[in-house]
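Asker: Quick note, the sequences are listed as chains R, U, G and E, same order. Residue numbers for the first sequence follow our numbering, beginning at 1 and rising by one. Residue numbers for the second sequence follow our numbering, beginning at 1001 and rising by one. Residue numbers for the third sequence follow our numbering, beginning at 2001 and rising by one. Residue numbers for the fourth sequence follow our numbering, beginning at 3001 and rising by one. Questions regarding the structure given below will be posed in turn.
4 protein chains.
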Amino acid sequence: MVVIGKVAVIGGGSTYTPELVDGFIVHRDEVQVKEVALHDIDPQRLEVVGGLVERMVRHAELPTRITRTTDRAAALDGAAFVISQIRVGGMAARIRDEHIPLAYGVVGQETTGPGGTLKAWRTIPVVLEIARDVERLAPDAWFINFTNPSGIITETLLKHTSLKAVGLCNNPINFTRLVAGLFGVPDEAVFLEWVGLNHVNWIRRVYVEGRDVSADLMAKVREGLPFYPFDADLVEALGVFPTWYLQYYYYPDRKVAEMRAAGKTRGEVVTEVERDLLRKYADPSLVVKPPELSQRGGALYSEAAVRLILSLVLDRRDVQVVDTRNGGAIPDLPADGVVEVPCVVGAHGVTPLRMGPLPETVRPLCQTVKAWEAWTVEAGVTGSHRAALMAMVTNPLVRSVDLARVLLEEMLEANREYLPQFF
Amino acid sequence: MVVIGKVAVIGGGSTYTPELVDGFIVHRDEVQVKEVALHDIDPQRLEVVGGLVERMVRHAELPTRITRTTDRAAALDGAAFVISQIRVGGMAARIRDEHIPLAYGVVGQETTGPGGTLKAWRTIPVVLEIARDVERLAPDAWFINFTNPSGIITETLLKHTSLKAVGLCNNPINFTRLVAGLFGVPDEAVFLEWVGLNHVNWIRRVYVEGRDVSADLMAKVREGLPFYPFDADLVEALGVFPTWYLQYYYYPDRKVAEMRAAGKTRGEVVTEVERDLLRKYADPSLVVKPPELSQRGGALYSEAAVRLILSLVLDRRDVQVVDTRNGGAIPDLPADGVVEVPCVVGAHGVTPLRMGPLPETVRPLCQTVKAWEAWTVEAGVTGSHRAALMAMVTNPLVRSVDLARVLLEEMLEANREYLPQFF
Amino acid sequence: MVVIGKVAVIGGGSTYTPELVDGFIVHRDEVQVKEVALHDIDPQRLEVVGGLVERMVRHAELPTRITRTTDRAAALDGAAFVISQIRVGGMAARIRDEHIPLAYGVVGQETTGPGGTLKAWRTIPVVLEIARDVERLAPDAWFINFTNPSGIITETLLKHTSLKAVGLCNNPINFTRLVAGLFGVPDEAVFLEWVGLNHVNWIRRVYVEGRDVSADLMAKVREGLPFYPFDADLVEALGVFPTWYLQYYYYPDRKVAEMRAAGKTRGEVVTEVERDLLRKYADPSLVVKPPELSQRGGALYSEAAVRLILSLVLDRRDVQVVDTRNGGAIPDLPADGVVEVPCVVGAHGVTPLRMGPLPETVRPLCQTVKAWEAWTVEAGVTGSHRAALMAMVTNPLVRSVDLARVLLEEMLEANREYLPQFF
Amino acid sequence: MVVIGKVAVIGGGSTYTPELVDGFIVHRDEVQVKEVALHDIDPQRLEVVGGLVERMVRHAELPTRITRTTDRAAALDGAAFVISQIRVGGMAARIRDEHIPLAYGVVGQETTGPGGTLKAWRTIPVVLEIARDVERLAPDAWFINFTNPSGIITETLLKHTSLKAVGLCNNPINFTRLVAGLFGVPDEAVFLEWVGLNHVNWIRRVYVEGRDVSADLMAKVREGLPFYPFDADLVEALGVFPTWYLQYYYYPDRKVAEMRAAGKTRGEVVTEVERDLLRKYADPSLVVKPPELSQRGGALYSEAAVRLILSLVLDRRDVQVVDTRNGGAIPDLPADGVVEVPCVVGAHGVTPLRMGPLPETVRPLCQTVKAWEAWTVEAGVTGSHRAALMAMVTNPLVRSVDLARVLLEEMLEANREYLPQFF
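This is the structure we're talking about:
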C-alpha cells in the first residue's frame, strides 16, 4: 500500500467530490491519502460537501484528514496531486451556453459546439491562474484535469504551463464497462483501440480476453444496443464504433429537435439534481455516497481517477485511456495537440501507444474538431478576436460564417464578466 | 511554330467548342492543329456547333480540318490530345441536382455539395469508358479534362486508368486576370501561391512583378472588390484569399436564400443562354465566336487550354495552375489525391511546386472536402453504397447523417438511368 | 495459473533449450505447458539436449511432456507457441561469416556487417519453409523468433507470411538488469525508453521507480562502467545510451584489431563452449541447467521468452521491449519495417508505444542500418542480385562499393549450398 | 533588357571573376549591370583580377563600371546582388584539409569528408560577418553563394540570417550539358529530375525534349561514358544516376589510392593553375577571358550565375537547379535544411518543385550526409565541441569514432587561427 501526502481538490465543493473520496475508500488497501484539501470559492458548498466527505471518511475509519479552504494557495501548497473540477460561471453560464445556440438551431451542449467554446474561454483564465500557483507551490505535483472541455483545458495546460497535466474523462471507463457487461467479463478483460479526442472518439477494435469481438459488437449494435445512440448503418459505414458525444456531430438536427422538445436543457436538469443532492449531502446522518449521485453524470469518475493516481504513484505501467500530448501517436493530428488514446501510465508519466493513422471514415471530422480545439485554446489564452472567429467558423456544428459571427458576438457579450482576455 | 496532328474533343457539341477553337486561331503563330475531331452523342448539336467552328476556321484561313462524328473511337484514334467536356444527363440532370438539395435547405450547385456528388457519379462510368478507348486508340495522348467536377474526374482517371490526365479550370486564369486588372499589369506579371483543390482553393500570397502585394490586395478587399463575394473580416481572419466557389462553403445559408429567391437555378438560366447561343451558332453568316459566349461561364477557358497544350508540346516548363496528383506537394492532403496547385508544365508532364502545409485557417475545410472527393471517386467507380453514404456524410454542406441518408436515397433514385454502377 | 497445450521448439537441439525449459520450471506457478515438442534436423543433439530437459522436467516434478522429433510437421501440428532458434549452416558457417570480412579489415560478426547479411540469407529460405508449415498446421500460434539476426528474420516473417510473429532478444532484459543492479532495485523498477532496431538501439531515458536517472547513469559511465564498452565523451555527445552491439558500428577499427588479436573468432570460441556443454548435457546425472550455460551468451533468454508468453496468454498488457512492425512508433523509420521498442503485450498482440522521432544524434545510423535490413530481407526472399548488392553497399561497415562487390561475390560463393534463392 | 544597379562580388580577387564578368558580356542583350564592385582582402589579386575584368568590359564596349575595394561595407552598400566566392585560409588551408585526412586513409577533399567540415568551419564566421553587413547595407539584395561547401554555407545563411540567399553550383549545368551533348540537343531541351544535396545528388530521370531517355543514358553508361566515374552495375543497382562528387562516397578506397598515387593534391594542382592564371591575367594585352580558365574547375559558373540573376530580375519563373530550403520538397529530409533540387526562379524568389521521397537506393546516404551538414552548420555557428564531434562521427567517410576524434583534434588545431568560434 502506498501513502500519498496531500491531494488538493480545486472545485472541492463540487457534488462530484464524494464520488472521488469514495474511490479512496474503496481502494484503501492500495493507497492511503494523508490529506484531502478541498478548495472552493463558494464557502457554503464547501461546508456541505466537505462535511459529507468528512463523515464518509470517519465512517469508513480512514485516517485521511479532510481540510477545507477558500484560500487556493493553502490548498495547493505541497500537494502531490491536484485535481481540478471547477465550473467557471456555474450552472447559470452553462444554461446560457445551451440556450443561445439553440435559438439559432445549433446544438447547445457544454463540451461540443459553441457552448464548449465558451465554457473553455471562461475556464482558461482561471485554470491558468491555478497553474501559476501550482508551478510555484507544488511544481512536482500531477495535475489531473476533470474540468470540461477536458481535452481543451489539458491542451491549454500542456501548451502554456510547465504542469505535469493529464486529462481525464469517464467516457472510456463507461464504454469499457458497457462492453464488459455485454460480454459477461470483468472490466480488465476488455481492451479498446480508442482513437480521437476527448468527447470525439471512436473505437477501432474491441478485444475481450484478447479476442477481437468487433464483429460481435457490431451484430449487437444491429440488434439494438440500449443507450447506444447510433444507427447500425452509420456504424457499419464508419467501420468503427463512435462513442456517446459524437451523436451531436452525426445527428445535430435530431439533437436540436430533442433539445427543443425537452423544454429544459441538460443544465437546467442538472441544476435541479444538484439542488437535491446538496440537500441530501447536508443531512448529518448521511455517511456514505448517496445513490442519486450516479444520475449526476459522473459515474465511475472516482474509478478513473483512483486508477490513474495508483498507476502514477505505484509505477504500474498499465494501459489507461487518458488525454495527453499526441506526439505522433496519431500522425494525422498535430504533434503538439492533446488526444485521447490508450497510454502506458507509470511513475515516469504518461506515454501514448502508437495508434497509427485515423480510420479514413472519421479522419476529417476528427481533424476539424481538433482544429476547433486549437483555435479555442489560442483564443482563450490570447483573447485574439481573429482566433475566436476561427474557432467559431471551424466548429462543425456552426454551419456558416454568418452564423459564426452572430453567435460569437452574442455569446462573448453574454459571458463578458468571465472573459477578461477578450474585454 | 509547332504542328499537332489531331485534337479530339469529346462533347464537341458543347457551346464551349467555339471558345476552344478560337484559342487555336488566336495562337496560330505558335501552334497549328491539323485536325480537330469533334465527337458528340447529339448529332444535331454536333452539326450546329461543328458548322460554326468550321466557318470560324475557314474565315481565319487556318488549314485546320474540322471533322464531326458520333463514333467515339473514330474521333479518338491517333489523337495527340483528347479534350473532355461532356455533361452526362445534360442540363436536365443538372437542374435536378440543384433542386433536390435546395428543397432540404442545402446548397444546390453543380460542383459542390450533393449536386457535385451526383454529377461525378453520372460522369464517372462514361469517362471510364472513354478512358478505355483512349488507352487502346491513343495511349500517348494527353487527356485534358474540363468536365466538372474537374478535380474528382481527374482523380478518377489518375487512380483508375493509365491516362496522362490533367484537369483544368478557368478559375485560376480568371483570378490572375482579376489581379492583373487591379494592379494594371499583364497576366504574366502575376504569380499566385494557389493552394487547395479544384473549386476549393485559396491564394496564400499574391505577387505582382515579384513583389508581394497580398497586403495591397487585402486593402482592396476591405474597400470592396466588385464580384469578390467574401467579407473582409473573414478574409483577414483566414489570412489568405478564398476564391469564388468557396462562398458555397463559407456562406451556405446566404447562398440557399439567394437561390431560393432567384426563382430559377443556375442550370435553368444556362439552359436559356445555351438555347440562344445555339440559335446564334446556327446562323450561317456567323464566322467568329459570338460575344454572348462569355456569359456562358467559361471565360478564358480557351486561354487556359491552349496555354496548357502549348507547354506540353513545346516543353516550355513554365508554371500553370492545373489539377494533378498531389504526391506531397501539400503534405497534409493524401499523396494519391488530386490537388490544384501551380505546376511546371513541360513535355515530360506536369510537376507540382512544393507548396508546403496548408494554412491552418483553411486546413480542416480543405481536408474535409478532399475526403468527400475521395469517397465520391470510390463510390462512383465501385457503386459501393457504404462509400456513397460516406461521401454524403463527409460533405460539409450536408449537416447530418439523417439528411445525408435522405438526400442519398432521393438523388440516387432521380439519377437511376445514369448510374449503372449503383443499380 | 494458465495451461498452454503445446510449445514447439524449432532448433530444439540448441544448447539454449535447457535455458528455455528452466524458465517454465521457474515460472511453474504462473504457467504450465502440457507438451514441449523439440524439433531438430540433428538427431544426435536432439537426443542429448532432449534427454537433459526431460530429466530437468522430471526432477522438477513438472507434468510437462517432452517430445522429440525430426519431423517438423509433427512438432508444429496444433502448437499454441512456436519458438524458433535455428542456425542454418551451423557454427561452421558462422565462422566463415566471421573470417571472410575480417580478411578485408571488416568486422566479422554474426548479426552486424556482412556476417549478419549472410546469416540472414541462409536463414530466410528455411524460416519461410517453417512459416508455410505453421500457416497450415498452427495458424493461430504465436511465433517467437530468437534466430539471429532477429529483427531481420522477424521482418521477413511479418512482410512475407501471415504469422503472428514477434522477435525477441535478451539485450533489453540484460540492460534492464544492469541498471537494476547499479541502482539496487529489482528489474521491475526500471523503465527504459529503448529506441531503434534489434542490436542497433539506444536508451533515450532511464527511469528507476519513475525517476529519470539518466544523468546519474551518465555519471556512472563517466566513472567507468564494467562491461559497458562506450567512451563517456561519445555517450555524452550522443545524449543517449548506446547498447552493446553498437560498438561494432562506433568502433569498427578497434573491434577488427581485437578480433585479429584474439586469434579465435567468437564462433570458434562458442564451438568449444558448445562441445563442452553438450558433453555435460549428456551426463545422465545432470538434472538441472548447468551453470556453464550462462557463458554461452543467452543469459536471461528464458526470462524474456517466458515473460512474453505469459503476457500473450494471460492478456497482461504490460510493457516489454520486443521486435515488431513499426507502424509509426518511430516516424522516421519505414512504417512496414520491424523496430525494437517498448510494446504493450497482451492477448490481442503487441502494440508499440509511441516513441517519436529518433534522437538526431543517432538518426542517420539507425536509418542506414534499417535500410540495410530491408535490402537484406528483399534479397534474402527474392534472390535478387541487385538487392543483394544494395544490401552490401548500404551496410555502414562496408566502406566502399568495390569492397561490397568483392565481399558479396566471395561470401555468396562460400555459402552456395545454403542459398537456393541465389543459385 | 533589364538594368541592374550594383553587383557586389565578395572575393572579387578570385580567378573566377573574369568568368562571371564574361557572363555579363555574353548576355549583354538581356541584362546590363551598372557597377560591378569587387571586394577582396588581398589588394594585389584585386588589382590583377580587377584590371583584367576592366579591360574585358572596355574591350566589349560595355558601360559597366568596375570598382575595386578592400572596404567590404563600401562594396556592399546598396547592392542589388551580392555574389560570394571567398576562400578563407586560401589554398594553403585547402591543402591541409586534403593532407591530414589522407594520412589516415580518409578522402581529403574540399567539400566532402573532414576537409569539407573544416572548410565550412573556417568560412562560417566570415560569411556571417558579411551577412551582418548585407542585412544592414543591402537588406533587399539577393545573396548568391558560390563559396564551397555551397549547401552548408547556404544553410547557415538561411538558418542564421535574414538574407535572401541562394546557393549555386556548376554541377547541374555541367551534367545538363553532358546530356545535351550525348543526345545532340541544346541545353534547354534537357530536363533532369535532380534530387539531393549540393555535391551529393542523383538524377532520377533524364528527359530530352520531354522524352524519358533514362534507359538510353543507362545504355550509354554501360558502353562507357567518358568522365563519368561510376560502374554500370552500381548505376543499375541504384536505378538513378549519381553525379560527380558521389565517387568520393561510393569509392573512397579507390579515391584515396588515386590521391596517394597522384603525389599532389587537387589543392596543390590548383595552386599552380592559379599562379599561371594570375600571371596571364596580369598581362595588359589580355582583354578577354583566357581559355586556360576552364581548367580551373568552374566551367559554366558564369552561365549558372547569369541565368539565376536574369530569372530573379526578369521574373522568368523558369526551372533551375539551385540550393534552397527544403520545406518538404523532399519529405524524408529535414524541412529546414538546404537541398539541391529543380526550383522555379522568379522575382518572388525560389520555389522548389515537389520532388517526393528519395529513391530508397540512395536514401540513407543522402540522409546521413544531410545530418553531417546540419551538425557542421551547428558546430560552425556555435563552436560547440559536442556538435563538432557529431559532425565528424556522422560523416560517412570517417569510419569510426576513434578516427573522428583524432581527425577532429588535429584539424581543429591546424586551423586554429581561422576558428574563433572554437578557440
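From the three backbone atoms N, C-alpha and C, an ideal C-beta is built for every residue, glycine too. None of these values were measured; they are calculated from a predicted model.
Is there a Cβ from chain R that is less than 8 Å from the Cβ of residue 2291 of chain G?
Answerer: Position 291 of the third sequence, counted from the first residue, corresponds to residue 2291 of chain G. Judged by the 8 Å Cβ criterion, residue 2291 of chain G is not in contact with chain R.
Asker: So residue 2375 of chain G is in the beta strand (DSSP E); what residue range does that whole segment cover?
Answerer: Residue numbering aside, residue 2375 of chain G sits at position 375 when the third sequence is read from its first letter. Unbroken run through residue 2375 of chain G is the alpha helix (DSSP H), 2363 to 2382; no beta strand (DSSP E).
Asker: Would you call residue 2199 of chain G buried or exposed, if buried means 16 or more other Cβ atoms sit within 10 Å of its Cβ?
Answerer: Position 199 of the third sequence holds residue 2199 of chain G. The residue in question, residue 2199 of chain G, is buried, as its Cβ has 16 or more Cβ neighbours within 10 Å.
Asker: Would DSSP call residue 3488 of chain E helix, strand or coil?
Answerer: Since the first residue of chain E shown is 3001 and the last is 3423, residue 3488 of chain E is not available in this structure.
Asker: Any Cβ of chain G within less than 8 Å of the Cβ of residue 3109 of chain E?
Answerer: Residue 3109 of chain E sits at position 109 when you count from the first residue of the fourth sequence. Judged by the 8 Å Cβ criterion, residue 3109 of chain E is not in contact with chain G.
Asker: Here's a check: name, in chain order, each residue in its chain whose Cβ is nearer than 6 Å to the Cβ of residue 2252 of chain G, leaving out the five neighbours to either side.
Answerer: Taking the third sequence and counting its residues from 1, one reaches residue 2252 of chain G at position 252. Closer than 6 Å at Cβ, skipping near neighbours: 2107, 2397.
Asker: Counting only the same chain and skipping the five closest in sequence on each side, list residues whose C-beta sits under 6 Å from that of residue 1318 of chain U.
Answerer: On the second sequence, position 318 is the one that residue 1318 of chain U refers to. For residue 1318 of chain U, where only same-chain residues beyond five positions count, the Cβ hits under 6 Å are 1311.
Asker: Counting only runs of 3+ residues fully inside the stretch 1037 to 1122 of chain U, write out the beta strand (DSSP E) ranges in chain order.
Answerer: List check, beta strand (DSSP E) in window: 1065 to 1069, 1081 to 1084.
Asker: Any C-beta of chain G sitting closer than 8 Å to the C-beta of residue 345 of chain R?
Answerer: Indexing the first sequence from 1 puts residue 345 of chain R at position 345. No, residue 345 of chain R does not count as interfacial toward chain G.
Asker: Cβ of residue 191 of chain R less than 8 Å from any chain G Cβ?
Answerer: What you label residue 191 of chain R is simply residue 191 of the first sequence in a count that begins at 1. With 8 Å as the cut-off, residue 191 of chain R counts as an interface residue toward chain G.
Asker: Assuming residue 159 of chain R is part of the alpha helix (DSSP H), what are its boundary residues?
Answerer: To locate residue 159 of chain R, count along the first sequence from 1; it is residue 159. Taken as a continuous stretch (DSSP letters only), the alpha helix (DSSP H) holding residue 159 of chain R covers 150 to 160.
Asker: Do residue 3411 of chain E and residue 3114 of chain E count as a contact pair if the criterion is CB distance below 8 Å?
Answerer: Here residue 3114 of chain E refers to the residue found at position 114 when the fourth sequence is read from its first residue. Here residue 3411 of chain E refers to the residue found at position 411 when the fourth sequence is read from its first residue. In contact: residue 3114 of chain E and residue 3411 of chain E (Cβ atoms closer than 8 Å).
Asker: Only counting the same chain, and skipping five residues up and downstream in sequence, which positions put a Cβ closer than 8 Å to that of residue 1374 of chain U?
Answerer: The residue you call residue 1374 of chain U lines up with position 374 of the second sequence. Once the five neighbours on either side are set aside, the close Cβ partners of residue 1374 of chain U are 1155, 1334, 1337.
Asker: How should residue 3061 of chain E be labelled, buried or exposed, when 16 other C-beta atoms within 10 angstroms of its C-beta is the threshold for buried?
Answerer: Within the fourth sequence, the letter at position 61 stands for residue 3061 of chain E. Exposed, because fewer than 16 other Cβ atoms sit within 10 Å of the Cβ of residue 3061 of chain E.
Asker: Cutting at 7 Å between CB atoms, please list the residues of its own chain near residue 152 of chain R, excluding the five before and the five after it.
Answerer: Reading the first sequence from its first residue, position 152 is the one you call residue 152 of chain R. So the list reads 120, 373, 376, 377, once near-sequence residues are dropped.
Asker: For the alpha helix (DSSP H) holding residue 2183 of chain G, just list the boundary residues, first then last.
Answerer: Walking along the third sequence from the start, residue 2183 of chain G turns up at place 183. Run containing residue 2183 of chain G: 2171 to 2183, per the alpha helix (DSSP H) assignment.
Asker: Can you pull the chain G residues whose beta carbon is under 9 Å from the beta carbon of residue 3390 of chain E, in chain order?
Answerer: Position 390 of the fourth sequence, counting from 1, holds the residue named residue 3390 of chain E. Per Cβ cutoff of 9 Å: 2237, 2238, 2360, 2361.
Asker: What's the C-alpha gap between residue 300 of chain R and residue 2178 of chain G?
Answerer: Here residue 300 of chain R is taken as the residue at index 300 of the first sequence, counted from 1. Here residue 2178 of chain G is taken as the residue at index 178 of the third sequence, counted from 1. Answer to the nearest angstrom: the Cα atoms are 41 Å apart.
Asker: Where does the unbroken alpha helix (DSSP H) through residue 1023 of chain U begin, and where does it stop?
Answerer: As a first step, residue 1023 of chain U is located in the second sequence; it is residue number 23 there, counting from the start. It spans 1017 to 1026 - the alpha helix (DSSP H) in which residue 1023 of chain U sits, taken as one unbroken run.
Asker: For residue 1019 of chain U and chain E, any beta-carbon pair shorter than 8 Å?
Answerer: On the second sequence, position 19 is the one that residue 1019 of chain U refers to. Cβ-Cβ to chain E under 8 Å: no for residue 1019 of chain U.
Asker: Quick one: what's residue 276 of chain R bridged to in DSSP?
Answerer: Locating residue 276 of chain R in the first sequence gives position 276, counting from the first residue. According to DSSP, which records beta bridges pairwise, residue 276 of chain R is partnered with nothing at all.
Asker: With a cut-off of 8 Å, do at least 3 Cβ pairs link the stretch 161 to 176 of chain R to the stretch 185 to 203 of chain R?
Answerer: Segments in contact, yes.
Asker: Specify, as a first and last residue, the run of the alpha helix (DSSP H) that residue 1310 of chain U falls within.
Answerer: Locating residue 1310 of chain U in the second sequence gives position 310, where the first residue counts as 1. Looking at the DSSP string, the run of the alpha helix (DSSP H) that includes residue 1310 of chain U is 1301 to 1314.
Asker: Whole angstroms are fine: how far does the CA of residue 361 of chain R sit from the CA of residue 212 of chain R?
Answerer: Working through the first sequence from its first residue, we reach residue 212 of chain R at position 212. Working through the first sequence from its first residue, we reach residue 361 of chain R at position 361. Answer to the nearest angstrom: the Cα atoms are 20 Å apart.
Asker: Kindly indicate which residue of U:1110, U:1054, U:1275 has the alpha-carbon position closest to the one of residue 1284 of chain U.
Answerer: Here residue 1284 of chain U refers to the residue found at position 284 of the second sequence. Among U:1110, U:1054, U:1275, the Cα nearest to that of residue 1284 of chain U belongs to U:1054.
Asker: For residue 3139 of chain E, tell me which candidate among E:3130, E:3030, E:3147 has the shortest Cα-Cα distance.
Answerer: As a position in the fourth sequence, residue 3139 of chain E is number 139, starting the count at 1. It is E:3130 whose Cα lies nearest to the Cα of residue 3139 of chain E.
Asker: Ignore the nearest five residues each way along the sequence and tell me which others in residue 286 of chain R's own chain have a CB closer than 8 Å to its CB.
Answerer: Stepping through the first sequence from its first residue, residue 286 of chain R is reached at position 286. Cβ neighbours of residue 286 of chain R beyond the five flanking positions: 52, 55, 280.
Asker: So within the stretch 1311 to 1354 of chain U, which uninterrupted alpha helix (DSSP H) runs reach at least 4 residues, ignoring any that extend past its ends?
Answerer: You should have found no qualifying run.
Asker: Comparing C-alpha positions only, which one of U:1018, U:1240, U:1003 sits nearest to residue 1510 of chain U?
Answerer: This structure cannot speak to residue 1510 of chain U, because chain U is shown only from 1001 to 1423.
Asker: I need the straight-line Cα distance from residue 314 of chain R to residue 2386 of chain G, nearest angstrom please.
Answerer: As a position in the first sequence, residue 314 of chain R is number 314, starting the count at 1. As a position in the third sequence, residue 2386 of chain G is number 386, starting the count at 1. Cα to Cα, residue 314 of chain R sits roughly 53 Å from residue 2386 of chain G.
Asker: Excluding the five sequence neighbours on either side, which residues of its own chain have a C-beta within less than 7 Å of the C-beta of residue 246 of chain R, listed in chain order?
Answerer: Indexing the first sequence from 1 puts residue 246 of chain R at position 246. Hits under 7 Å: 200.
Asker: Going by DSSP, what residue range makes up the alpha helix (DSSP H) through residue 188 of chain R?
Answerer: For the purposes of this step, residue 188 of chain R is taken as the residue at position 188 of the first sequence. Looking at the DSSP string, residue 188 of chain R is not in any alpha helix (DSSP H), and its letter there is neither H nor E.
Asker: Would you kindly report the start and end of the unbroken beta strand (DSSP E) that includes residue 2165 of chain G?
Answerer: Position 165 of the third sequence, counting from 1, holds the residue named residue 2165 of chain G. Residues 2164 to 2167.
Asker: What residue range does the alpha helix (DSSP H) around residue 3255 of chain E cover?
Answerer: One-based indexing of the fourth sequence puts residue 3255 of chain E at position 255. Where residue 3255 of chain E is concerned, the enclosing alpha helix (DSSP H) stretches over 3252 to 3262.
Asker: Among the residues of its own chain, which have a CB less than 6 Å from the CB of residue 3089 of chain E, if the five just before and after it don't count?
Answerer: The residue you call residue 3089 of chain E lines up with position 89 of the fourth sequence. If we look at residue 3089 of chain E and ignore the five residues flanking it on each side, its Cβ neighbours are 3122, 3418.
Asker: Nearest-angstrom Cα distance between residue 2078 of chain G and residue 2185 of chain G?
Answerer: Working through the third sequence from its first residue, we reach residue 2078 of chain G at position 78. Working through the third sequence from its first residue, we reach residue 2185 of chain G at position 185. The straight-line gap from Cα to Cα measures roughly 41 Å.
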